[in-house]
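Undergrad:
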Amino acid sequence: MAHSSRRPEVLIFEGEAKAVLPAAESFARQGFRVVVGSSQRYCFGFHSRFCRERIVMPDQRHAPDKCVGFLLDLVRRRRFEMILPLGDEATELVCRHRDEFMKYTKLVLVPHDTFIIGRDKVRTMQAAEACGVPIPRTFDPEQTGLDEIASAVQYPVLVKPAFSNGARGIHYAHSRQEMTSLYHQVAAEFGRTFIQEFIPHTGLQYKTELLLDYDGRVLAAFAYEKIRFYPPSAGSSTLNRSIYYPEMVEHSIRLARGIGWFGMCDFDWIHDTRDKRPKLMEINPRVTDTIRIADYCGVDFFKMLYQMACGEKVEPVLTYRTGLYVRFLPGELMWFLTAGPKRWHTKPSFLKFFGRDVKYLVTSLSDPGPILAYFAGCMRTLLDPRERAYRLRLGKAKPEHTDMVAAHA
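Numbering-wise (this note's numbering), the sequence shown opens with residue 130 and increments by one.
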């Protein structure tokens, strides 16, 4: 980093994403003045001790055009050393206007036509199959009629939107009639929809994180298993453990190179106990919310990302600490309340709150602001009908941005 009398600034947004915390800490360690943007006043990033300035910005989900105009004007005036979008909507929004942003600041983000392969789950599965990466059997009703699909599948199957966040819009269908009904229901709400083989939840689920340079060289590769979830059956992970899983990492690298990816990317996997193989579930073409586990294990993705943006030589980091558990405490509490009798028999024990191998995603005695802001934000969500519907995955609040994305399917 060039030395000057004024500390260089980095802008990170969405400040409500959990990944803002390791990102802000990493950039602060590198000597940056960290500026956090968010439309939510009670967000993780605004209340971290590593945040030096808060910028309240238009909501990227409900007012995308206003948001991108605000951000472009901001980076023109402030000339940030680098910007880092987090979350699906913010990353997608910046990606659409990538060339405009790069006139004024550093940014590591693939072109939109590459990005959309990861964002559109149908195109993700098609690309994975072409690269020889194992996937569940996947059917696109726009190419294969529903009647033909209904005759080819074994029930239950999953009916999934091509564009969604988390588990929103995903349904199980146990019969031909139910599949057809759910398909039309999901398509009416989310747009493009597909049918996918159901992988029995008898095997563990995993994530891999990659950082590739502009030539497809692997700068960092990290794997971890997802041990507990909320909701318990098919929600977001609340407890993760760092591992090595070379086969899964190799599949991830093959797919990333196959679609021409560079920068950071997240891959979701499930172990299929029927054929003993990992199956790709989706790509998240952005920084994942649980990336902090990599930082705890000695892989600073954000430092390498900045070095890459500057054109500096980046030394690959391919070894890291394994066996480290990272908990999202609010999610863990919800898991405990809803998991039933198995809550007492899970390994590691829910009651293991401390130890050399236990860390927390957002809870920290040295940086308590984010978790306090989280609970304040939860109260606000309960009082806002639109946010409540979206956050609780009730399927009633469809962001305007969903339509914008679906138009490019």
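We treat Cβ as the ideally placed atom computed from N, Cα and C, and that holds for glycine.
(1) List the whole-angstrom C-beta distance separating A257 from L384, where the pair is believed to meet the contact cut-off of C-beta under 8 Å.
(2) Under three-state DSSP, which class holds L147?
(3) Which same chain residues, not among the five before or five after A259, have their C-beta less than 8 Å away from its C-beta?
(4) I'd like the list of long-range same chain contacts for E145, defined as Cβ closer than 6 Å, with 5 residues on each side in sequence excluded.
(5) Per DSSP, what are the beta-bridge partners of K289 in this structure?
(6) Cβ atoms of Y454 and V428: under 8 Å apart, would you say?
(7) So is Q325 buried or exposed if we call it buried at 16+ other beta carbons inside 10 Å?
(8) Determine, using beta-carbon pairs with one atom in the segment 336-350 and one in the segment 313-328, whether at least three such pairs fall under 8 Å.
(9) Can you tell me where the beta strand (DSSP E) with M231 in it begins and where it stops?
(10) So, helix, strand or coil for Q306, using DSSP?
(11) Determine the burial state of L447: buried for a count of at least 16 other Cβ atoms within 10 Å of its Cβ, exposed for fewer.
(12) Where do the ends of the beta strand (DSSP E) carrying G166 lie?
(13) Can you tell me whether DSSP reads Q189 as helix, strand or coil?
(14) Just verifying my parser: in three-state terms, what is the DSSP assignment at G387?
(15) Taking 8 Å as the threshold, find out whether the segment 156-165 comes into contact with the segment 181-197 through three or more Cβ pairs.
(16) Would M254 and I245 be called neighbours here (beta carbons separated by less than 8 Å)?
(17) Could you give the distance in angstroms between the alpha-carbon of A219 and the alpha-carbon of V197?
(18) Considering just the uninterrupted stretch of the alpha helix (DSSP H) at L501, what are its terminal residues?
(19) Verify the CB distance criterion: does E145 have a CB-CB separation below 8 Å to chain B?
(20) Should C87 be labelled buried (16 or more other beta-carbon atoms within 10 Å of its own) or exposed?
(21) Please report the residue range of the alpha helix (DSSP H) in which V455 lies.
(22) Could you tell me the distance, in whole angstroms, from the CA atom of W390 to the CA atom of A316?
(23) Which residues share a DSSP beta bridge with H400?
(24) Cutting at 7 Å between CB atoms, please list the residues of its own chain near D496, excluding the five before and the five after it.
(25) To the nearest angstrom, report how far apart E271 and A468 are at their CA atoms.
(26) What does DSSP give as the partner residues of N294 in its beta bridges?
(27) Does the distance from the C-beta atom of H303 to that of Y284 stay below 8 Å?
(28) Helix, strand or coil, according to DSSP, for P214 in the structure here?
(29) To the nearest whole angstrom, what separates the beta carbons of E354 and L333, a pair I think is in contact under 8 Å?
(30) I'd like to check one pair, R415 with G216: are the Cβ atoms closer than 8 Å?
(31) Assign L523 to one of two classes, buried (16 or more other C-beta atoms within 10 Å of its C-beta) or exposed (fewer than that).
(32) Would you identify the three-state DSSP class for E138, choosing helix, strand or coil?
(33) In the DSSP assignment, the beta strand (DSSP E) including T337 goes from what residue to what residue?
(34) From the DSSP secondary-structure annotation, give me the bridge partner or partners of R208.
(35) Can the beta-carbon of T243 be found closer than 8 Å to that of R208?
(36) Can you grab the Cα-Cα spacing for the pair E143 / R252, in whole Å?
TA: According to the data block:
(1) 5 Å
(2) According to the sequence as given, residue 147 is Lys; it is not Leu. Coil, per DSSP.
(3) G387
(4) S167, Q169 and C172
(5) F323
(6) no
(7) buried
(8) no
(9) Premise fails: M231 is in no beta strand (DSSP E) and is neither H nor E.
(10) helix
(11) exposed
(12) R162 to S167
(13) coil
(14) helix
(15) yes
(16) no
(17) 9 Å
(18) G498 to L512
(19) Among the chains in the structure shown there is no chain B, since it carries only a single protein chain.
(20) Because the chain is modelled from 130 through 538, residue 87 falls outside the range shown and cannot be assessed.
(21) Here V455 belongs to no alpha helix (DSSP H); instead the beta strand (DSSP E) covers Y454 to R456.
(22) 29 Å
(23) P407
(24) S177 and R178
(25) 38 Å
(26) Per DSSP, none; premise fails for N294.
(27) yes
(28) strand
(29) 5 Å
(30) yes
(31) Model confidence at L523 stands at a pLDDT of 45, short of 50, so the residue's coordinates are unreliable; what they give is reported in the following sentence. The residue is exposed, with fewer than 16 neighbouring Cβ atoms inside 10 Å.
(32) strand
(33) Q334 to L341
(34) In DSSP, R208 forms no bridge with anything.
(35) no
(36) 26 Å
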